[in-house]
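Colleague: Submitted below is the structure of interest, expressed as structure tokens.
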Amino acid sequence: MASSVSAIAERDLPARYKGLGRRRFNSFLGTGLALFCALVAAASLLAILGYVVRQGVGAINWEFLTDVPHPIGVPGGGVGNGIVGSLIIIGIATLMALPVGLLTGIYLALFGRGVLPESLRFLSDVLSGVPSIAIGLFAYALLVAPFKHFSAFSASFAFMMLMLPLLVRTSEQAIRTVPQTVREGALALGMSNFRATIQIVLPTALPAIVTALLLAIARVTGETAPLLFTAFGSQFWETNPGNPMAELSLQVFTYAISPYPSWQAQAWGGALLLIVAVFVLSLGARLMLARAMRGLSE
Amino acid sequence: MENAQPGGAPQFRRVARFVSPTDRGFAAIVYAGSALFALLILGLFIELLLGSWPSIAKFGPAFIWHSAWNPIANQFGALPMIYGTVVTSLIAIILAAFIGILAAVYLADFAPRWLAAPLSFLIELLAAVPSVVYGLWGLFVLAPFVRTSIGPALQSVLGWTPLFSGPIYGVGLLTGGLILALMIVPTVTAISRDVVAAIPRDLREASMALGSTKWETAMRVVLPAARVGVFGACVLALGRALGETIAVTMVIGNRPEISASLFAPSYTLASVIANEFTEATTDIYISALIQLGLILFFVSVVVNALARVMIWSVRGSERTL
Amino acid sequence: MTAVAAPAEILATDDLSAYYGEHKAVGDVSIQFRRKAVTALIGPSGCGKTTLLRCLNRIHEVLFDARVTGRVLLDGHDIYATDMDPMRVRRRIGMVFQRPNPFPTLSILDNVLACGRHGLTREQKLQVAERALRAAALWDEVKDKLKTSPLRLSGGQQQRLCIARAIAAEPEVLLMDEPTASLDPIATAVIEELMCSLAKEFTIVAVTHNMQQAARVSDVTAFMLADETRIGRLIEVDDTSKLFTKPRDPRTEDYITGRFG
Chain A
6 MASSVSAIAE
16 RDLPARYKGL
26 GRRRFNSFLG
36 TGLALFCALV
46 AAASLLAILG
56 YVVRQGVGAI
66 NWEFLTDVPH
76 PIGVPGGGVG
86 NGIVGSLIII
96 GIATLMALPV
106 GLLTGIYLAL
116 FGRGVLPESL
126 RFLSDVLSGV
136 PSIAIGLFAY
146 ALLVAPFKHF
156 SAFSASFAFM
166 MLMLPLLVRT
176 SEQAIRTVPQ
186 TVREGALALG
196 MSNFRATIQI
206 VLPTALPAIV
216 TALLLAIARV
226 TGETAPLLFT
236 AFGSQFWETN
246 PGNPMAELSL
256 QVFTYAISPY
266 PSWQAQAWGG
276 ALLLIVAVFV
286 LSLGARLMLA
296 RAMRGLSE
Chain B
119 MENAQPGGAP
129 QFRRVARFVS
139 PTDRGFAAIV
149 YAGSALFALL
159 ILGLFIELLL
169 GSWPSIAKFG
179 PAFIWHSAWN
189 PIANQFGALP
199 MIYGTVVTSL
209 IAIILAAFIG
219 ILAAVYLADF
229 APRWLAAPLS
239 FLIELLAAVP
249 SVVYGLWGLF
259 VLAPFVRTSI
269 GPALQSVLGW
279 TPLFSGPIYG
289 VGLLTGGLIL
299 ALMIVPTVTA
309 ISRDVVAAIP
319 RDLREASMAL
329 GSTKWETAMR
339 VVLPAARVGV
349 FGACVLALGR
359 ALGETIAVTM
369 VIGNRPEISA
379 SLFAPSYTLA
389 SVIANEFTEA
399 TTDIYISALI
409 QLGLILFFVS
419 VVVNALARVM
429 IWSVRGSERT
439 L
Chain C
17 MTAVAAPAEI
27 LATDDLSAYY
37 GEHKAVGDVS
47 IQFRRKAVTA
57 LIGPSGCGKT
67 TLLRCLNRIH
77 EVLFDARVTG
87 RVLLDGHDIY
97 ATDMDPMRVR
107 RRIGMVFQRP
117 NPFPTLSILD
127 NVLACGRHGL
137 TREQKLQVAE
147 RALRAAALWD
157 EVKDKLKTSP
167 LRLSGGQQQR
177 LCIARAIAAE
187 PEVLLMDEPT
197 ASLDPIATAV
207 IEELMCSLAK
217 EFTIVAVTHN
227 MQQAARVSDV
237 TAFMLADETR
247 IGRLIEVDDT
257 SKLFTKPRDP
267 RTEDYITGRF
277 G
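Sequence lines, in order, name chains A, B and C.
Here the first sequence is numbered in the working numbering, starting from 6 and rising by one per residue.
Here the second sequence is numbered in the working numbering, starting from 119 and rising by one per residue.
Here the third sequence is numbered in the working numbering, starting from 17 and rising by one per residue.
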């Protein structure tokens, strides 16, 4: 029906209006292409996810989660030491990054104008774009080469560098979004800047800062490159940050490029663990962000 | 009296924001934290420069255009890695820009709400997938697929060009580019979608009121208006592709050679560091590898500064990535 | 306290000018504020009345690039003197803002006690809070939900909470920056009533752009106007009844008769 009506209209239209049918058709094609692109992007995630789950689920069992790697030819073994290593390395990185990032964020939010803060912002943005492998080289040059000894701590240092830009800029913004009137309200009561910041401003900004922290942790959880020449990896239960240490994503990498099918199978299991960890962190960040938004709108 | 003198510059009363001992201590700690942060970044640059100094001193600028990478003979030239990095990143950005921008336009202007939210969510999760997982998938799924399907198909149509000639290994420039494309699509999509969504509605309505279709409006009015920000998104994504390490290392083939064919194995700046650094024995070898890192550092600084200036110019400096 | 100024005046400015960067927003204002009276600052938007108010407790200088010249005397002492601690000044001169700004993460009770009454027992703190909330005519409405978030309160209640928070610090002067600007007429009436009753205990300086409000609540009214270079000037100060009936300056007359502004 509709098409016949438009066909009549088309014939009766003045010449300058003609070609609408063709334009409609092109638009229809274009929209379809755009939808297709969006679907391709989303579907590739599902493809990767599906494959990792299918390959990885079989590898995961209690021994896989709790045991150390076995030598080639000895069946079984797991990535327990890698999981613990990840927790230690990321934990130390977080403990170092949080104070530095938060203090710099506070500095930028409170003293935000002028040449110095602007250049610090620029440096921070530059750092966020520096490839993680270059940051790994820095950690190596600073903390491995002088001691001629790989260490988990040097990996934590590299991770801290990777976490900092996100923490700095997000905590600055979070503190800035706390309305100026709230801060002035605190100062007008005779509070010191210190108390106003710690007691009033930071708690208000907390959900957004936690969001940034979760995202930063998620980012380094999936990071492998700087570990190659800092944490180095280990076959044993190693908990001393001064020594080389196993790390989950590093184990996945090592197993994946190994020629042994049993190790490759374990790589899929490790990949699944990594994906689960990263997704849980991202989801947590998303929920936290929703809460931050709600807190401000009320 | 500290009052303003008529005609003279006013004498301002001293303003002390941080007077109490607690506040002074607080300010000192805040300054110290920020100074440490600045120091870390400067330290990064200085350490890379110091580390690569022996190599810079020995090879000079020729390091960049020498194509021999032979550690045993102590010959080091970065050209094959630069070539591999550029080619894989170009493949990635061309594909990712096409898919990402169209997906962004769809999400911002066309998608119904019930579809836009979950699609955006999936695409943003794609950005969170660890690099090593992309690499694993690339090595065991994508590379065989390139060898058996994509490669032969391309060769049968375009095999007459040097780009698609020669044996297909599966791992190589094309596979590296494809996996990179997958990794940077979320960056392009997410930022472009924000930029496109920030284009004022009156612009769209003005175009629609002239009788344009929604698609024509998106292509002729909205995208041109958003072009600076969208371009910035692509440059930022390019920066990521240039520095990406692990996934590429797993599918690039790791051979320091320049070859016209996209099916040939190659090497990138980042992956040669990843592969050879812990095995490097001589000081000059280590130094040459660190110099590759320094090149990577410079490229990323330039590319990111460019991208951020562009994105800021349209969106303000609100969002960080 | 050595009384240099006349005892009737607790707060005074002497040739006070306020700047934002290079821009002079308030120029050469000398004014005295009478003890335990309500002084209203009126004038059209942009005449510098809020800036002047913000100079009186040194909250002006919190903003980037904000500066002052001249003196502000509290009981005869210059609050901008180098040995003056701005925090102590603000403790003695409380402030209520244009929009209610309760601290979002603190409970209602903690908001009232936020001025930090240290060294009090729990009982005493509760007493302080109750007294402040009663004085702000809010006690009956919140006494059962002292531990809840202030964000659930209505705008008028939030503003009264902010008043309670300010007076819990037992200041000598209370500055109010258009305290009813964001409130509906009923909440406004409650706050106005409150201002009259608080004047028995505190010296109040209130900015308002609403002349009727100034006439209703204030004892003294000061009229400000921006000159052609956008510098806010004090035009006239007088008892409210006189200023509104027999203004001395033709510009004041123009304003109160509605000829501009």
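Where a beta carbon is used, it is the ideal one built from N, C-alpha and C, also for glycine.
Quick check on the DSSP output: what are the complete alpha helix (DSSP H) runs of length 4 or more inside the segment 165-224 of chain B, in order along the chain?
Modeller: If we require 4 residues or more, the alpha helix (DSSP H) runs fully inside the segment 165-224 of chain B come out as 180-183 and 197-223.
Colleague: Please go through the same chain and pick out, in chain order, the residues whose beta-carbon is closer than 8 Å to the beta-carbon of Ser49(A), but skip the five residues on each side of it.
Modeller: For this step, residue 49(A) is matched to residue 44 along the first sequence. Same-chain partners within the cutoff: there are none.
Colleague: Excluding sequence positions up to five away, which residues of its chain have a Cβ less than 6 Å from the Cβ of Val303(B)?
Modeller: Counting from one through the second sequence, the residue named residue 303(B) turns up at place 185. Ala214, Ile217 and Gly218, listed in sequence order.
Colleague: What residues of chain A sit near Arg426(B), judged by a beta carbon separation below 7 Å?
Modeller: Position 308 of the second sequence, counted from the first residue, corresponds to residue 426(B). Under the 7 Å cutoff, chain A gives Asp130.
Colleague: Spatial neighbours of Tyr385(B) within its chain, please: C-beta separation below 7 Å, excluding the five flanking residues on both sides.
Modeller: The count along the second sequence starts at 1 and reaches residue 385(B) at position 267. Pro198, Met199, Gly202, Ile370, Asn372, Arg373 and Pro374, listed in sequence order.
Colleague: Compare the beta carbon distance of Ala316(B) and Gly347(B) with 9 Å and say whether it is the shorter of the two.
Modeller: As a working mapping, residue 316(B) is identified with position 198 in the second sequence. As a working mapping, residue 347(B) is identified with position 229 in the second sequence. Cβ atoms of Ala316(B) and Gly347(B): closer than 9 Å.
Colleague: Taking 9 Å as the threshold (beta carbon to beta carbon), is Arg200(A) in contact with chain C?
Modeller: Taking the first sequence and counting its residues from 1, one reaches residue 200(A) at position 195. Closer than 9 Å: yes.
Colleague: By the DSSP assignment, the beta strand (DSSP E) with Tyr35(C) in it spans what residues?
Modeller: Taking the first residue of the third sequence as position 1, residue 35(C) is located at position 19. Glu25 to Tyr36 is the extent of the beta strand (DSSP E) around Tyr35(C).
Colleague: Following the continuous alpha helix (DSSP H) through Asp312(B), name the residue where it begins and the one where it ends.
Modeller: Reading the second sequence from its first residue, position 194 is the one you call residue 312(B). Here the alpha helix (DSSP H) through Asp312(B) covers Leu291 to Ala315.
Colleague: With 9 Å set as the bound, which would you pick, yes or no: does the beta-carbon of Thr186(A) sit closer than that to a beta-carbon of chain B?
Modeller: Position 181 of the first sequence holds residue 186(A). By this cut-off, Thr186(A) is not an interface position.
Colleague: Only counting the same chain, and skipping five residues up and downstream in sequence, which positions put a Cβ closer than 6 Å to that of Glu243(A)?
Modeller: Here the question's residue 243(A) lines up with position 238 in the first sequence. Cβ within range, chain order: Met250.
Colleague: Spatial neighbours of Thr206(B) within its chain, please: C-beta separation below 8 Å, excluding the five flanking residues on both sides.
Modeller: Taking the first residue of the second sequence as 1, we reach residue 206(B) at position 88. Excluding positions up to five away in sequence, the list reads Leu291, Gly294, Gly295, Leu298, Ala359, Val366, Ile370, Ser384 and Thr386.
Colleague: With a threshold of 9 Å between beta-carbons, can Ile205(A) be considered close to chain C, or not?
Modeller: Sequence index remark: in the first sequence, residue 205(A) carries index 200 (1-based). True, the Cβ-Cβ gap to chain C drops below 9 Å.
Colleague: Taking only beta-carbon positions, decide if Leu218(A) is within less than 9 Å of chain B.
Modeller: Within the first sequence, residue 218(A) is the residue found at index 213, counting from 1. With 9 Å as the cut-off, Leu218(A) does not count as an interface residue toward chain B.
Colleague: In the DSSP assignment, what are the bridge partners of Lys262(C)?
Modeller: The sequence position of residue 262(C) within the third sequence is 246, counting from 1. Beta-bridge pairing links Lys262(C) to no other residue.
Colleague: Per DSSP, Ser384(B) is paired with what?
Modeller: Residue numbering aside, residue 384(B) sits at position 266 when the second sequence is read from its first letter. DSSP output for Ser384(B) lists Gly371(B) as bridge partner(s).
Colleague: State yes or no: is the C-beta of Ala308(B) within less than 9 Å of the C-beta of Ile241(B)?
Modeller: Start at 1 with the first residue of the second sequence, and residue 308(B) comes out as number 190. Start at 1 with the first residue of the second sequence, and residue 241(B) comes out as number 123. Yes, these two residues count as a Cβ contact at 9 Å.
Colleague: Verify whether the separation of the beta carbon atoms of Val236(C) and Asp255(C) is less than 9 Å.
Modeller: Taking the first residue of the third sequence as 1, we reach residue 236(C) at position 220. Taking the first residue of the third sequence as 1, we reach residue 255(C) at position 239. Yes; because the gap between Cβ atoms is below 9 Å, this pair is in contact.
Colleague: Under the assumption that Ile333(C) contacts Thr224(C) (Cβ atoms under 8 Å), give the Cβ distance between them as a whole number of angstroms.
Modeller: The structure shown has nothing for residue 333(C), since chain C only spans 17 to 277.
Colleague: Can you list the residues of chain A that Ile75(C) reaches, using a CB-CB cut of under 7 Å?
Modeller: For the purposes of this step, residue 75(C) is taken as residue 59 along the third sequence, with counting starting at 1. Within chain A, the residues near Ile75(C) are Glu189, Leu192 and Ala193.
Colleague: So, for Leu407(B): in the same chain, excluding its five sequence neighbours on each side, which residues have a beta-carbon less than 8 Å away from its beta-carbon?
Modeller: Working through the second sequence from its first residue, we reach residue 407(B) at position 289. Cβ neighbours of Leu407(B) beyond the five flanking positions: Val390, Ile391, Glu394, Phe395 and Ala398.
Colleague: Under 9 Å, CB to CB, which of the residues in the segment 32-55 of chain A have a partner in chain B?
Modeller: Correct list: Ser32, Phe33, Leu34, Gly35, Thr36, Leu38, Ala39, Leu40, Phe41, Cys42, Ala43, Leu44, Val45, Ala46, Ala47, Ala48, Ser49, Leu50, Leu51, Ala52, Ile53 and Leu54.
Colleague: Does the Cβ-Cβ distance between Ala210(A) and Ala179(A) come in under 9 Å?
Modeller: Counting from 1 along the first sequence, the entry for residue 210(A) is found at position 205. Counting from 1 along the first sequence, the entry for residue 179(A) is found at position 174. Yes.
Colleague: Taking just the CA atoms, how far does Asp312(B) sit from Ser152(B)?
Modeller: Your numbering for residue 152(B) matches position 34 in the second sequence. Your numbering for residue 312(B) matches position 194 in the second sequence. Approximately 30 Å, taken between the alpha carbons.
Colleague: My assumption, with CB atoms under 8 Å, is that Phe263(B) sits in contact with Phe381(B). Please give the rounded CB distance.
Modeller: Along the second sequence, one-based indexing puts residue 263(B) at 145. Along the second sequence, one-based indexing puts residue 381(B) at 263. About 13 Å; that fails the 8 Å criterion.
Colleague: Does the distance from the C-beta atom of Glu160(A) to that of Ile94(A) stay below 9 Å?
Modeller: On the first sequence, position 155 is the one that residue 160(A) refers to. On the first sequence, position 89 is the one that residue 94(A) refers to. Before going on, a small fix: residue 160(A) reads as Ala here, not Glu. For Ala160(A) and Ile94(A), yes; Cβs fall inside 9 Å.
Colleague: What does DSSP give as the partner residues of Glu252(C) in its beta bridges?
Modeller: Here the question's residue 252(C) lines up with position 236 in the third sequence. BP columns for Glu252(C) point to Phe239(C).
Colleague: With a Cβ-Cβ cutoff of 9 Å, do Phe234(A) and Tyr112(A) count as a contact?
Modeller: Residue mapping note: residue 234(A) aligns to position 229 of the first sequence, counting from 1. Residue mapping note: residue 112(A) aligns to position 107 of the first sequence, counting from 1. Taking 9 Å as the Cβ cut-off, Phe234(A) and Tyr112(A) do not qualify as a contacting pair.
Colleague: What does Ser124(A) reach in chain C if we use C-beta pairs closer than 7 Å?
Modeller: Here residue 124(A) is taken as the residue at index 119 of the first sequence, counted from 1. Per Cβ cutoff of 7 Å: no residues; Ser124(A) is ~17 Å from chain C at best.
Colleague: Buried or exposed for Ala191(B), please, with buried defined as at least 16 other CB atoms from any protein chain shown within 10 angstroms of its CB.
Modeller: As a working note, residue 191(B) is residue 73 in the second sequence. When all chains shown are included, Ala191(B) counts as exposed.
Colleague: Have a look at Ile138(A), Arg29(A) and Val84(A) and flag the residue whose alpha-carbon is nearest the alpha-carbon of Ser239(A).
Modeller: As a position in the first sequence, residue 239(A) is number 234, starting the count at 1. Closest by alpha carbon: Val84(A).
Colleague: Would you kindly work out how many angstroms separate the C-alpha atoms of Asp126(C) and Lys163(C), rounded to a whole number?
Modeller: Along the third sequence, read from residue 1 onward, the residue named residue 126(C) stands at position 110. Along the third sequence, read from residue 1 onward, the residue named residue 163(C) stands at position 147. Answer to the nearest angstrom: the Cα atoms are 8 Å apart.
Colleague: For a cutoff of 9 Å on Cβ pairs, would you count Lys176(B) as touching chain D?
Modeller: The question asks about chain D, but that chain is absent: this structure's protein chains are A, B and C.
Colleague: Buried or exposed: where does Asn188(B) fall if 16 or more other Cβ atoms within 10 Å of its Cβ makes it buried?
Modeller: In the second sequence, the residue the question calls residue 188(B) occupies position 70. When all chains shown are included, Asn188(B) counts as exposed.
Colleague: Might you give, ordered along the chain, the residues of its own chain that have their beta carbon closer than 6 Å to the beta carbon of Gly43(C), omitting 5 neighbours on each side?
Modeller: Sequence index remark: in the third sequence, residue 43(C) carries index 27 (1-based). The residues are Ser33, Ile247 and Arg249.
Colleague: Would Ser9(A) pass as an interface residue toward chain B - the criterion being a Cβ-Cβ separation below 9 Å?
Modeller: To locate residue 9(A), count along the first sequence from 1; it is residue 4. Model confidence at Ser9(A) stands at a pLDDT of 45, short of 50, so the residue's coordinates are unreliable; what they give is reported in the following sentence. Not an interface residue.
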